[in-house]
Structures are given as structure tokens and as C-alpha cells.
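The opening residue of the sequence shown carries number 393 in my numbering; numbering runs sequentially from there.
Just so you know, even glycine gets a beta-carbon here, dropped at the ideal spot from N, CA and C.
Predicted model only: the values in this text are computed from it and were never measured.
Below is one structure, written out as C-alpha cells; the observations come after it.
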Amino acid sequence: MELKNWMANLEETCVQRPLTLLSIPGSHDSCSYCISDSSLLSPDGDAYQLLKVMGDLGRKLSAKWARAQDANLTEQLTAGLRYFDLRVLQTGSIESDSLRVSSAAICPGTFYFVHGQFAREVTSELFNVRTFLRENPKEVVILDFNHIYQCDDASALRLQTSVKQVFPGMLAPHTGSIPSLNELWSTGHQVICIFHCGPCIPEVWPAGCIQSPWPNTTDVDKLFQFLDANGPVDDNTFHVSQNILTPDAAFVFANLSKGLDSLAGPAGVRTMQWLRQRKAAPLGQSRRLNIVIVDFAVRALPDFARTVISLNTTQPMA
């Protein structure tokens, strides 16, 4: 199975199902891959004010925990990921012309992807997604803008319009029902764009179309107890299994020599075991998964996407 066009190669019964009844691999904090020691701190982080007064040391400490992916969006897409967890901040007034984001000056009033620190500008990243989709016309992505900071209704509409301009004719409109791949192929739509902020234009889906229960723990056993207790329940709503461990500020400062990989490693190992158990389980609701996300989804977990996708070959209709 070639991962870059796995949707195009699904068996016929799969492409007729609503997307909520497919198993789809995705990434957590999808655009944080480029965050480094030099990336400017962003005010979405809980410890922003404290880290800010620490200067260079604060950025270095933050970067170890803020960077949650090990591959850029094109690499993630090529590896089979089709759901992207997107956190956006609109910059306000910039304190100094010398401030930099990954060696590029930030512009006031511009939308950037963030996760405790600034990543890249939104439209430049989305153009990479568009390029991939045009090269693979049967692949479909879900762009979940689930955290939008410093953004009023007017700004939300401006961002949505920018997304629409990046994907002309490619955004599937929200109709109240979940399309199948076959239906999307017939219309040429390749992007489902979800916003959790402000009113939505017709081509953007509202927050109510997706459920993403947050485990909010650093304990791997509690994580999987939570995931097993909070699975998909509604065929007309997307569901995200967040297979991630989440440190709070106290945990970070108690583990200064470590980074997010110290949590992502154990969570990733257990995730692969969990997915294989699902694959081996008897047919039925107990094995059903929709969207599954992890940290460091590509290089650290090279079999992740393939294993999630493999659930589609025997996963029944609910």
C-alpha cells in the first residue's frame, strides 16, 4: 500500500462509507515541527509570561516541549496522515522589529501557526497542502482549526476567506451530513475545513461537527483508560482519539532536562499495541476508530499511519 494515495486505493465498500466510518491517521499540533530554540514565544502558552522573562533560556526550554511533530506537512501527507490539528494566533502589535520567527520577521495582523512558540505563517503552509492534493486528486484532508487565539469574528472570517482562496473549489461545503469519499470525488472537493471560532462561511464546518475528548494526563495507563471509555458514538460527527500525554507547566518545570519525547515515546509504544489489539478484535463497535492522532507521527512512529489505515479493510459499518 502506497501511503501517499491510500484513499484512492481503498476497497469499494470503504469509499462508499461516510468519512466518520473510516479510520484516519492524523497528527497532534501538526505545524509545530519547525519550532526551535530561536522561535519566538507565543502568548497561547500557559507559562508565556514566565518563559518570556527567562529570555533565550525560556525559548530553549519551551521548544523541547512545544515541538510535537518530526516532519513537515508535505512529509506528513506523504506518510498517509489526513487529519491536521491546527492552532492559530493572529499577531497584534509587535514589540520590536528585531523579533524573529524561525529567522523570519513576524508581521503584525498576520496569522501564524503556534504551540507555545511561533511556527510558520498559515497560508504558506496551506499552499504545501494544496500542492499535494493537486498531485493526488483522490486524497482528502481534514483541517481542524481548533484553537484560534486573539481572533474576533471579523478576523475569523478573514482567516476563513484566506483558506478558501488557497483551496479554490476544493472546500467541501457543510451540508449537515458526512460525505463519503465517492461523493467528494464526484464533486472534486478534497478539503474539510473545521473552525472552532466565530461564524462560518458555507465552505467551513462548525465546531459541532467534531468531537475530540482531551485525556489531559501524563499517565499512560490513565490515557488508554480514557480512550477506551470515550470512543466514537455518533456516525454524523467526526471523532478524534487523542493518543497523547499532556504536560502542564508544573510537570515541565519538574522535568527541565527532558522534553515532549519523554512522554510521546511511551504513549507511542502503547498506541501501536492498542491499534494492533483493535485490528485483532472481533468485528463490532469495540474495534471502531475514526481519527487517531499522536505526537511525532512520522519518523518516531513509521508504522502508525499504515496500522490505522489497515483498520479500514475489515472495519464494519456501525
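### Task
May I have the straight-line CA-CA distance separating Arg670 from Gln582, to the nearest angstrom?
28 angstroms
### Query
In the region 458–541, which residue ranges form an unbroken beta strand (DSSP E) of at least 3 residues, counting only runs that do not cross its ends?
475–482, 503–506, 510–513, 533–541
### Query
Taking the DSSP output, what are the residues bridged to Ile570?
DSSP lists no partner for Ile570.
#### Entry: Ser422 vs Leu469 beta-carbon contact at 8 angstroms
no
### Query
Quick one: Cα of Ser494 to Cα of Leu433, how far?
Confidence in Ser494 is poor, its pLDDT being 45 and thus under 50, which makes the residue's placement unreliable; the coordinate value appears in the next sentence. Taking the straight line joining both Cα atoms gives about 11 angstroms.
### Query
Between Asp545 and Gly590, is the Cβ-Cβ spacing less than 8 angstroms?
yes
### Proximity to Leu414 [Cα-Cα], best of Tyr475, Glu467, Met393, Lys396
Tyr475
### Query
So who's on the other strand from Trp597, going by DSSP bridges?
Ile586
### Query
Straight-line CA distance for Ala656 to Pro607?
14 angstroms
### Task
Quick one: grab the DSSP three-state call for Val684.
strand
### Task
Give me whichever residues DSSP pairs with Val632 in a beta bridge.
Ile683
### Task
At 4 residues or longer, and completely inside the region 397–465: list those alpha helix (DSSP H) runs for me, N to C.
404–407, 440–445, 448–458
#### Entry: Limits of the alpha helix (DSSP H) - the one that Thr663 falls within
653–672
### Cβ separation of Asp627 and Thr412, assumed to be a contact under 8 angstroms, to the nearest whole Å
5 angstroms
### Message
On the DSSP bridge list, what partners appear for Leu770?
### Response
In the structure displayed, the chain extends from 393 to 710; residue 770 sits before or after that span and is not available.
#### Entry: Selection from Cys543, Leu681, Val612, Ile570 that minimises the alpha carbon distance to Gly600
Ile570
### Opening and closing residue of the alpha helix (DSSP H) in which Thr699 lies
696–702
### Query
So which of Ser649, Lys650, Ala641, Arg662 has the shortest CA-CA distance to Gln634?
Arg662
### Task
Report yes or no: do the region 607–618 and the region 557–569 share at least 3 C-beta pairs separated by less than 8 angstroms?
no
### Task
Measure the C-alpha to C-alpha separation of Lys452 and Val506 and round it to an integer number of angstroms.
16 angstroms
### Query
Per the contact definition of three or more C-beta pairs closer than 8 angstroms, is the region 512–525 in contact with the region 432–448?
no
### Task
Report the rounded CA-to-CA distance for Thr705 versus Glu403, giving the unit in angstroms.
7 angstroms
### Query
Exposed or buried, what is Asn682 when buried is set at 16 or more other beta-carbons lying within 10 Å of its beta-carbon?
buried
#### Entry: Best match in Phe696, Val555, Pro694 for proximity to Glu595 [C-alpha to C-alpha]
Val555
### Query
Ordered along the chain, which non-local residues of its own chain (more than five positions away) have a Cβ less than 6 angstroms from that of His714?
One cannot answer for residue 714 here, as it falls past the ends of the chain, which runs 393 to 710.
#### Entry: Contact belief for Leu652 with Val612 at Cβ below 8 angstroms, rounded distance in angstroms
Actually they do not touch by this definition, with Cβ atoms about 14 angstroms apart.
### Query
What is the rounded straight-line gap between the Cα of Asp695 and the Cα of Ala400?
19 angstroms
### Query
Since Gln603 sits in a beta bridge, which residues does DSSP pair it with?
His631
### Residues near Pro639 by beta carbon distance below 7 angstroms, same chain, minus five either side
Trp457, Thr610, Leu655
### Task
Inspect the beta-carbon positions of Ile534 and Ile584 and report whether they are closer than 8 angstroms.
yes
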